Every structure is written in structure tokens, then in C-alpha cells.
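Enquirer: Quick one: this structure, given as C-alpha cells, is what I'll be asking you about.
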Amino acid sequence: MPQLPHFRIASASKRLAILFALLLSASVLSQTAHATTDSYQRVSLELPEPSRIDTLVQNENTIEQPALREHRYTLQRNQSLSHALQGIADNGNLLWRIGRHENAHYFTRLRTGDELVMWLTEDGELARMELNRTPTLTYILETNDELADGMAIYAERKEVKTRIVMASGDISDSFYLGVQAVGASPRTIMNLADIYSWEVDFVRELREGDEFTIIYERRYIDGEYIGDGAILAAQLNLKHRNRTINAFRFEQDGELLGYFNENGDNLRKAFMRNPINYTRISSRFQRGRYHPVLQEIRDHKGVDYAAPTGTPIYAAGDGTVKFRGWGRGYGNYIILQHAGRYETVYGHMSRFGKFQQGQRVKQGDVIGYVGMTGLATGPHLHYEFRINGVHHDPLTVEFPGGDPVAAEHKTTFAQWAGLLNSQLRRTDPEVTQLATLFE
Ligand SMILES: [Zn+2]
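End of the sequence shown sits at 439 in UniProt numbering; the numbers just go up one at a time, nothing left out.
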């Protein structure tokens, strides 16, 4: 292995440090799956866990006495611990001893459906009892003459192990099927669509042949998969637009700052492209349009989104309700004032949301519902985007971005993004050869 560049890891996030160490140590990197079909190709890299977690797992299953008999009891309605302990030797005394233990509540505050797993001696005495309170929290009772009061009641927490996995594929039938085919969960698919939602409309803009790669977390308890964690990095290659968009998750001190491209630009924009889940665009921004109701030639200074009456309308960006009321032509409508010189306008609402004039709204808040009040031939949202009072086409106007990576985090981010980026590029056969030289 050639000399690797020296990085200052101490100031970086813990996750960066762990991933960094794992990636640089080529011997621990194993390629576990590589399959190619017509519709997609899959490359998964599974990185092993930090060893401390293996140690914890080994500490379980400490009961090694072979003579014990397992007995399970599920609590029915209005039952308590005494029901579960019926039939167990000396259970009156046992209940009394549990009751005086400082952790008695682990086993006395039971709920319908709780399952107690007990191990009994040949004499029918309770040796051990367990209750899985949550997937990661187990309450345990042990009896043993050597313990104070002959009993211990304690809680054991299991570690959630996180593996970092890379997967890539093509879009074939649909985005959903494409990502699912590489083993990602529905939640991860939604997260991926969310990360890119300011750049790409996943339902309408993805085309067959577009490619994606994701590096994401898979979570396990005791080796059992329990679900996906965060997406750490993603790459979307829009072949038809000849455009590749990278996304790198970045957090500092446990706080998610967002997803950024390799230049540190925020993928999130100050405005959503479409403030509604629409059926179709029924009229575009244009000069000199024939107005169907007024029956004359007029400019159309916004976009009409056809959608069923009652469809929620979202605030396109953070701002304040500048106007809420009735306007000729507009019907029930709202003007939002955004930072600086931006305004958005929403017309023909059937009714308003809960935000009053003067109140602040966050991007994505429901401000009203589709209707056909005012001059409208069918239910739709008339939407305008104004900069300094001048109308712009909402579908093409350049939006200001969210905050980029802050100056004080630039170095850390560059290391993190560079590392992930080199991983993302491993699916490219030519780059893989280069990467192999480093292993
Ligand atoms: Zn309109």
C-alpha cells in the first residue's frame, strides 16, 4: 500500500473518523455481492463493525446451566406479574422479594401483551426472567444465592450496529423499483427523493437509463437487520440531461446541516419548484394568452396547476403571510413575503389553512386548499413568483440556494466529501482500476 496522505481526523465527526479508518484499511474492506442483470447492476460494500460491539454481543447468553427449562408467559388484559408467576415454586415469597427490589418496576409495571421469558430449575424455581421492553432494551431478573437478597434485577441495552453499504443501479421501470432492486428500504427511497427534491422531480423527470449510487447505513441488532439509517452520500446521473448531481450528508456536533454537493453548495433551495402535488400543468407562464373566462388576450403571469378541489397547497418557501383574503379574479388568495425581494402568490383557493395575515410560515406548511374561486373554469392553483414586484416563470426561475457549508467547516467537509466521492466513483470500471492500486 503506498503512503497515504495525512489527514487531521481529531476535529472531524466521529462517523468520519470511523469510516475513514475503515476505508483506509484495505484489509477490512470486503466486496460481498456483485451481480449484474439486464436491468441493474449491484455492488455492495459491507464494512465490518468496530470491535467493541462484538464484545458486547458476546456478553449475552450468560446462562449456561443446562438443567433450566424455558417457560413463556404473555400477559392478558388486567393481568399482572402474579399471574405470570403462578405455578412457580414459592411464588408468594418471590413476588415479595421482587417488590422490595429497587428495580422492581421493571417487572411490576407490565402491559397487556408483554411476554416474560422464564428459565426454571428442576425444582420449578425461577432462575432467570427476561422482558424485551424495546428492541434494544431488555429487563433481566436473576436469582442466585450469592447475590444480595438472592436476586438481581437490571436492564441490558443492546447496541444497534451500523454497517455502511454502497449500492448502485439504473432506473428501469420506475425510480422506486430501481432503488428497491438494489436492496434499499422504502424509507431510504423516500429519503433519496427528498434529498434531490429541489433539483429533480423524481416522478416526472427521471428517465430510463438514469443511474444512481448511494452509500447508506443499514442497522442491525444481534446481527438481525432492523432497518436502514441515513444516506451518507448519493450520486444521480441524469443521462438525458447530461448532468450528474452529488449529495453528501454533513453534520457537525450531532446536528444535521444538510446535503451538499462537492463544492459545499446546499442541495436545498430557498423555494420548492412546485408548491403542490399536481395532476398536470394546465396553463404556463406566457405573454398574450387568450383568457378562457374573460375571453380576451392577456398575459398569464403564473402557472396553473390542475388538481382536485381540496388538494393541499404548500408555502414554497419560508416567509410571512402578507395578504390573505379575496381578490377579483384571484378568488381566495394568499401573498407570501419571503426574505428580501421575493413574493409568491396562490390563487383560487377553496379555503385557507390555519395561517393568518402577518403570521410566519415555513417552507412546506399547508397554507390553503385547491378550489375554483374567482375567475376559474375548473379547480386549479394559480401560482405566481415575483422578484422585486416583477413576475417570473415559476417553472424556470433560478432560485436562491440554502446556506452553503460554513467557512469554519469547509476543511472538514472537503475531507468527508472527498472520501465519499472516491467511494462513489468505484462503480465506474475505469476508476475502480485506479482505486485497486491503492488497496
Ligand atoms: Zn392562472
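By construction, the Cβ of each residue, glycine as well, lies at the ideal position given by its N, Cα and C atoms.
Since this is a predicted model, take the numbers as computed values, not measurements.
In its own chain, which residues sit with a C-beta less than 6 Å from the C-beta of G374, not counting the 5 before and 5 after it?
Expert: So the list reads G329, Y330, G331, H348, once near-sequence residues are dropped.
Enquirer: With a CB to CB cut of under 7 Å and the five nearest residues on each side skipped, what residues in its chain are close to N266?
Expert: Only G258, F260, G401, G402, D403, P404 meet the Cβ criterion.
Enquirer: Can you determine whether any heavy atom of ligand 1 sits closer than 7 Å to the C-beta of G378, and answer yes or no?
Expert: No; taking the cut-off as 7 Å, the Cβ of G378 has no heavy atom of ligand 1 nearer than that.
Enquirer: For ligand 1, any of its heavy atoms closer than 7 Å to the Cβ of G113?
Expert: No - ligand 1 has no heavy atom lying nearer than 7 Å to the Cβ of G113.
Enquirer: Does the stretch 306–319 touch the stretch 346–365, meaning 3 or more C-beta pairs lie closer than 8 Å?
Expert: With the cut-off at 8 Å, the stretch 346–365 and the stretch 306–319 touch.
Enquirer: Can you say whether M166 is buried or exposed, counting buried as having 16 or more other CB atoms within 10 angstroms of its CB?
Expert: Buried is the call here.
Enquirer: How many angstroms separate the CA atom of G99 from the CA atom of T108?
Expert: So the alpha carbons of these two residues sit roughly 8 Å apart.
Enquirer: If we ignore side chains and look at the alpha-carbon of each, how far apart do R128 and N144 end up?
Expert: If I take the Cα positions, the gap works out to 9 Å.
Enquirer: What do you reckon, is the C-beta of D304 under 7 Å from a heavy atom of ligand 1?
Expert: True, at least one ligand heavy atom lies under 7 Å from that Cβ.
Enquirer: Taking all protein chains shown into account, decide if L256 is buried (16 or more other Cβ within 10 angstroms of its Cβ) or exposed.
Expert: Label assigned to L256: exposed.
Enquirer: Might you give, ordered along the chain, the residues of its own chain that have their beta carbon closer than 6 Å to the beta carbon of A247, omitting 5 neighbours on each side?
Expert: Taken in chain order, the residues that qualify are I195, A234, Y259, L267.
Enquirer: Since K161 sits in a beta bridge, which residues does DSSP pair it with?
Expert: Note: K161 sits in a beta bridge opposite Y220.
Enquirer: Let me know the secondary structure DSSP gives I245 once reduced to three states.
Expert: I245 falls in the strand class under three-state DSSP.
Enquirer: Assuming contact is defined by CB atoms lying nearer than 8 Å, are E211 and L232 in contact in what I supplied?
Expert: Not in contact: E211 and L232 (Cβ atoms no closer than 8 Å).
Enquirer: DSSP state of K239, grouped into three classes?
Expert: Helix, per DSSP.
Enquirer: Quick one: is the Cβ of H300 within less than 7 Å of any heavy atom of ligand 1?
Expert: For ligand 1, at least one heavy atom lies less than 7 Å from the Cβ of H300.
Enquirer: Can you tell me whether DSSP reads E102 as helix, strand or coil?
Expert: Reduced to three states, the DSSP call for E102 is coil.
Enquirer: Note down the Cα distance separating T138 from M272, rounded to an integer number of angstroms.
Expert: Spanning the two alpha carbons is a distance of roughly 44 Å.
Enquirer: Is the beta carbon of I88 sitting closer than 8 Å to the one on L94?
Expert: Yes, they are a contact pair.
Enquirer: From this set, G327, K362, G319, which residue's C-alpha is nearest R341's C-alpha?
Expert: With distances taken between Cα atoms, R341 lies closest to G319.
Enquirer: With hydrogens ignored, establish whether the beta-carbon of S350 is closer than 7 Å to any heavy atom of ligand 1.
Expert: Answer for S350: no, Cβ out of range of ligand 1.
Enquirer: Where does S168 land, buried or exposed, given buried means 16+ other C-beta within 10 angstroms?
Expert: Result: buried.
Enquirer: For M190, count the other beta carbons within 10 Å of its own beta carbon; 16 or more makes it buried, fewer makes it exposed. Which is it?
Expert: With fewer than 16 other Cβ atoms within 10 Å, it is exposed.
Enquirer: Opposite M151 in the DSSP bridges: which residues?
Expert: DSSP output for M151 lists T143 as bridge partner(s).
Enquirer: In terms of alpha-carbon separation, which member of G358, D304, H291 lies closest to L322?
Expert: Per the sequence shown, residue 322 should be read as Lys rather than Leu. Taking only the C-alpha atoms, the option nearest K322 is G358.
Enquirer: H71 and L141 - do their beta-carbons sit closer together than 8 Å?
Expert: No, they are not a contact pair.
Enquirer: Can you round the beta-carbon distance between Y220 and I226 to whole angstroms, since I take them to be within the 8 Å contact cut?
Expert: Yes, they are in contact, since the Cβ atoms of Y220 and I226 sit about 6 Å apart, within 8 Å.
Enquirer: Please list the terminal residues of the continuous beta strand (DSSP E) segment that includes S350.
Expert: Residues 342–352.
Enquirer: Just checking my contact of P379 with G302 at CB under 8 Å: how many whole Å lie between their CB atoms?
Expert: Not really, about 16 Å apart at Cβ, beyond 8 Å.
Enquirer: Nearest-angstrom Cα distance between N132 and K158?
Expert: Looking at the two C-alpha atoms, the distance is approximately 11 Å.
Enquirer: Taking only heavy atoms of ligand 1 into account, decide whether any of them is closer than 7 Å to the Cβ of S197.
Expert: Every heavy atom of ligand 1 is 7 Å or more from the Cβ of S197, so no.
Enquirer: Is it true that the CB of A417 sits closer than 8 Å to the CB of E208?
Expert: Cβ distance not < 8 Å, so E208 and A417 don't count as in contact.
Enquirer: Residues in its own chain within less than 6 Å of D304 by CB, not counting five upstream and five downstream?
Expert: Excluding sequence neighbours, D304 sits near S282, S283, H380, H382.
Enquirer: With a threshold of 8 Å between beta carbons, is Q79 in contact with chain D?
Expert: You won't find chain D in this structure, because it holds only one protein chain.
Enquirer: Count the other CB atoms within 10 Å of the CB of V43; is the residue buried (16 or more) or exposed (fewer)?
Expert: Any reading at V43 is ruled out, since the residue's pLDDT is 38, under 50, leaving its predicted position unreliable.
Enquirer: Using a 10 Å radius around the Cβ and a threshold of 16 neighbouring Cβ atoms, would you call L424 buried or exposed?
Expert: Buried is the call here.
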